Each structure stands twice: as structure tokens, then as C-alpha cells.
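Take 307 as the starting number for the sequence shown in this note's numbering and just add one per residue.
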Amino acid sequence: MTDDPFYDVVIIGAGISGIGAAYRIRERNPQLRFVILERRERLGGTWDLFRYPGVRSDSDIYTLCFPWEPWTRPEMIVDGEHIWQYLADTARKHHLDEHIRFNTYVRSADWDSTTDTWTIRAEQNGPGDRQDKTYRCRFVFFGTGYYDYDNPYTPTFPGIENFTGEVVHPQHWPESLDCTGKRCVVIGSGATAVSLIPTLAQQAAHVTMLQRTPSYMISAPQVEPTAIAIRKLLPLRVAHWLVRWRNAIVGVLLWEVSRRAPEFMKRRLRRIAEYNLPEGYDIDTHFKPPYNPWDQRLCFLVDADLYKAISDGSVDVVTDHIDHMDATGIVLKSGRHLDADVIITATGLQLQALGGITVSLDGEKINPHDRFVYKRHMLEDVPNAAWCVGYTNASWTLGADLTARSVAKLLAYMNSHGYTHAYPHLGKTDMPEQPAFNLQSGYVLRALDVLPKSGTRRPWVVSHDFLRDVVDHRLRPIDDQMVFGRVPAAEAQPA
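Encoded structure:
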């Protein structure tokens, strides 16, 4: 086992969360030593993992990119390759890539309260070589996202073993897969399906979107003229700040209107469908969900691309249930048969907390589900640790940057007061619990027993209101319901 030197901060994950955390921590605490541990061969996280045709953001790039590194291209809705390139360029420009240790898979993190240090155990894979690595640090930042990178969610489909074509999940899209001239059936109608299908339709003979339940669709332009005009009139950083805040506020308002006036929002979304789909199209069957907008995440179309593909006949939508699969396709409960050469199971993700890493306090494993979340990023009674989770109703980066700034602020406070540990503590106060995520999507409901829980009052409630969270970040005292302390100097000194 190779022992690595002591770090002030270990950041796990080199995606949006990890890169953003590294920047904010260094910005406010330039004296701290940090390292970023990344299990993959490249940075980017989600934007390196997902490589299916059409992969793109499902929110605008001005709120998805970092507030400290403006987006310079004209697109507002951006494909995955350009997002990855932005992350790589940003990490290189700010010398954050120099701190990344690639191919390093973190297995466990154990807190020692006698020295106020974390011991991080990992495996590092090199060419023909695997080494066990140990990192020790004062603070650990889990920039691991919230879903399982290795195991997407795929339901059990009776008879799938009889299908003679190819079955793929978008999370593990094979580079060798060529859908040119083939009949493709995409199972699902969530964010992945609606970004995949229009691109797939350009090469496949035909694409069928098979869904059990419709999803709400909203369309956004790929290039937004107002944002372009603002960027021409103002300096880049000023324009970026203005457009980012405008879009963040619009996003919050969209969510609030959906919650407070769902019937109004249903009518607006239906009009978008009616305007872009052929006259007489059966919207009630295929695009009228039996729930309110934002009970599940809205799906974003780019320039109504899915509706246009349906209109030109390259895509059709089938709303039905699968009975079984046979050698040539899918048999539905209605008795209809969908012929297929390729079946794509865009059936969702599996969520997990803390990247699936085993976390222990003084040798005792914790269950994240037993802990309340504090200020959206710390866990009850877990010292010197943060887990970065973005918003489900807005761009991930809005929440990730707030978390990174909060952690940087906490580290500066601890350093200035000589504290070696800090953790949120609720005490014996009874507080009702509720799910941390407020969506009724299948991937959220399946994970209720593995994710941490939200309280019902701040700072223990997991808010989904970016604007209120910004105010909370600026005004709420940093020591609110926090416990700070220090170990004796001799014990705190790393060996």
C-alpha cells in the first residue's frame, strides 16, 4: 500500500462539482493543499460518461457553466462534447487539472475523532498495474453526484433474452453501435430519450418512442437572441453575470408557476405541442401526463426538435405497456407488435449517496438515509464533510456553486479560529422528515431508502428555491446549529 501525503482537502470527483469546489476553495483559502480524486481516465463526470447520440444539457448553458468562467459560444442549449471541452479548458486555464489524480477509485472514507482526520482508501489503476492508495485529509468533499455510474436502471423485460437484435442503455452507449438504416425502439420518454431520439432519427430508418406514461415537454431555442445581444453590448463577464441571473430567475418563476398554477402551465405546454405537431395529432394520449408539471422533471426540447421529427414521420410515439419481447421486437399489452433491430432502454438512473463510498465514523459505518441534510450539503453529525448535490428543478451548477462557496467559507472560518472539526448538530429536537428530492419520478422514488432525508425548517430543509438559498447563504450565520472544536496540537499534527 502506498501512502500519500496529508492534504487539507480531498475532493472526490472531477466533474462540475469537483472542479467548481477546487476553484472556490483555492479562491478563498489559497494556503490549503488539496487533491482531486477521479475514478475515470478523463475529467468531466457526467459529461464524460454519457456519449450517446444527441447527449446535451437539459438546461441553459449560462446557468450550467461556472459563474467565474463565462461561456463564449453562441449556443444556449449545448451538446455534451462542447460541455466536456468547456470543463477541460476551464480546468486547464485555472491549473486545476494539475491537482487531479485520474483512475483513482475511492472505496472508503473513515473519520478518526482522536486526530480529526479522514483516511481515504482508494485503488489506482495504471497500465497493467493496480495500486492501493491511502490519502489522509482534514476535510472531504464528495463531488460524486447522486447516481450510480456503473449500474443504470433497467427493468426486467420478459423475453428479452429472445430478442436477436441489440439492446443498449444510453448510459453505456457502445462506440461501435451504428443505427444507420435500422428500426430503433427507445423505451422511455424522459430527458435522455427526448435528447437521443431526434439525433437518432437522422440516421435510423425509423424511431419509435415507447412510453408507459407521457412526459411534459417544453421547448427552448438553441441560440437565444437576447443573450447574444446582451453579450454584444456589454463586457463578457458583465453580460455573463446578467444573463445567468436572468435565466436563473426565469427558471425559479417557471417552477413556482408550475407549482402554484398547474392548470395554467398545462395549457401553456399543450399550446407548444399543438403549435408544433400535425393537426389532429392525439396529444391527449401521448403528451398529456396524469400529473402536474414539475411533479416530474420537465423535458427540454431544442427548437421543438422532437415534435418536428414526429411531424416529418421519422419518429412515432406509442403509449402502451410491454407484455414481452420476442426475436424481432416488442409485444405490447394491446397486442401490437413493434418491429425492432435495436432496442434502447432509456429507462432511467439508479441513485446513490456519496458515490456509493463506504463512510465510517471511528470505524462505525454510517447510513446516509439516517441523517438529515444541513444547508443542502452537510450531513447531520458527520464532521468535516460535504456532499454536493445540485438542483432537480434548475441547472446543477447553481446548487453546486453555492455548496462550493459555503464549504470555502466554512474552511476559512475554521482556519481563522483554529478549529480542526465542524459538524451540524440537530440535537434531541424532534423534526418531521421528508424526502430530500421533491419529484415523483421513478428514479427518485426508487431511492428513498438510500438518500439522506430533509427536515421541514431551515437550515435542515432541502430547498429547491435557488433565490432563497442565495439569501440564506449570505445572511445565515455560519455557526448556526454547528459544533466546532479542536484536538490538541500534538494529536492534530499529521504524521
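Yeah, the Cβ is synthetic: ideal placement off N, Cα and C, and Gly gets one too.
Just so you know, these numbers come straight off a predicted model, no measurement behind them.
Query                                                                                                                                                                    : Result
Which residue marks the beginning of the beta strand (DSSP E) containing Thr440, and which one marks its end?                                                            : 435-448
Under the rule that 16 or more other beta-carbon atoms within 10 Å means buried, what is Tyr313, buried or exposed?                                                      : buried
Please determine, among Gly641, Gly619, Val608, Arg398, the residue with the shortest C-alpha to C-alpha distance to Asp629.                                             : Gly641
What is the DSSP secondary structure of Val412, counted as helix, strand or coil?                                                                                        : strand
For Lys734, is the classification buried or exposed, using 16 other Cβ atoms within 10 angstroms of its Cβ as the cut-off for buried?                                    : exposed
For Tyr597, count neighbouring Cβ atoms within 10 angstroms of its own Cβ and tell me buried if that reaches 16, exposed if not.                                         : exposed
Hey, how far is the Cα of Gly471 from the Cα of Pro480?                                                                                                                  : 14 Å
Which residues mark the beginning and the end of the alpha helix (DSSP H) in which Leu355 is found?                                                                      : 352-355
Which stretch, first to last residue, makes up the beta strand (DSSP E) that contains Met523?                                                                            : 523-526
Once the 5 residues before and after Met307 are set aside, which same chain residues still bring their CB inside 7 Å of it?                                              : Because the pLDDT at Met307 is just 39, under 50, the model does not fix this residue reliably, and the point stays unresolved.
Return the chain-ordered list of same chain residues with a C-beta closer than 6 Å to the C-beta of Ala579, the five sequence neighbours on each side being excluded.    : Ile589, Phe593
Is Leu393 closer than 8 Å to Leu355 when the C-beta atoms are compared?                                                                                                  : no
Enumerate in chain order the residues of its own chain whose CB-to-CB distance from Pro504 is below 7 Å, with the five nearest sequence positions on each side excluded. : Gly360, Asp611, Leu612, Ala615
Does DSSP put Thr759 in a helix, a strand or coil?                                                                                                                       : Correcting the residue type first, residue 759 is Lys in the shown sequence and not Thr. Strand at Lys759.
Going along the chain, which residues of its own chain have a beta-carbon closer than 7 Å to the beta-carbon of Thr352, five neighbours each way excluded?               : Gly321, Gly451
Going by the CB atoms, is the gap between Pro520 and Ser495 shorter than 8 Å?                                                                                            : yes
Which of the three DSSP states, helix, strand or coil, is assigned to Lys572?                                                                                            : helix
According to DSSP, is Thr421 part of a helix, a strand, or is it coil?                                                                                                   : coil
Within 10 angstroms of the Cβ of Arg379, are there 16 or more other Cβ atoms? Answer buried if so, exposed if not.                                                       : exposed
Taking Tyr455 as part of the beta strand (DSSP E), name the residues at either end of that continuous run.                                                               : Segment: none, Tyr455 is in no beta strand (DSSP E) and carries neither H nor E.
Taking Leu657 as the reference, which of Val695, Asp403, Pro311 has the closest Cα?                                                                                      : Val695
8 Å is my cut-off, CB to CB: does Gly351 come that close to chain B?                                                                                                     : The structure shown has no chain B; it contains just one protein chain.
Let me know if Pro783 comes out buried or exposed under the rule of 16 or more other beta-carbons within 10 Å of its beta-carbon.                                        : exposed
Buried or exposed: where does Asp645 fall if 16 or more other Cβ atoms within 10 Å of its Cβ makes it buried?                                                            : exposed
Decide if the segment 386-400 is in contact with the segment 325-343; the criterion is three or more beta carbon pairs, one per stretch, under 8 Å apart.                : yes
Our contact map puts Met515 next to Val648 with C-beta atoms below 8 Å; I'd like the distance itself, whole angstroms only.                                              : Their Cβ separation, rounded to whole angstroms, is 13 Å, which puts Met515 and Val648 out of contact at 8 Å.
Give the range of the beta strand (DSSP E) segment to which Ser666 is assigned.                                                                                          : 664-667
Excluding five sequence neighbours on each side, which residues of the same chain lie with their C-beta closer than 6 Å to the C-beta of Arg344?                         : Note that residue 344 corresponds to Glu in the displayed sequence, not to Arg. Excluding residues within five positions, the ones whose Cβ falls inside 6 Å are Ala320, Ile406, Phe408.
What is the DSSP secondary structure of Gly471, counted as helix, strand or coil?                                                                                        : coil
Would you call the segment 361-378 and the segment 542-555 touching, i.e. three or more CB-CB distances under 8 Å?                                                       : yes
What residues in its chain sit with their C-beta under 8 Å from that of Thr486, if we drop five residues either side in the sequence?                                    : Gln509, Ala510
According to DSSP, which residues form a beta bridge with Arg407?                                                                                                        : Leu343
Using only the alpha-carbon positions, how far apart do Phe678 and Asp755 sit?                                                                                           : 13 Å
Contact between the segment 709-725 and the segment 679-692: three or more CB pairs below 8 Å?                                                                           : yes
When DSSP labels each residue in this structure, what does Pro359 get in the three-state scheme?                                                                         : coil
Do Phe772 and Val558 have their CB atoms nearer than 8 Å?                                                                                                                : yes
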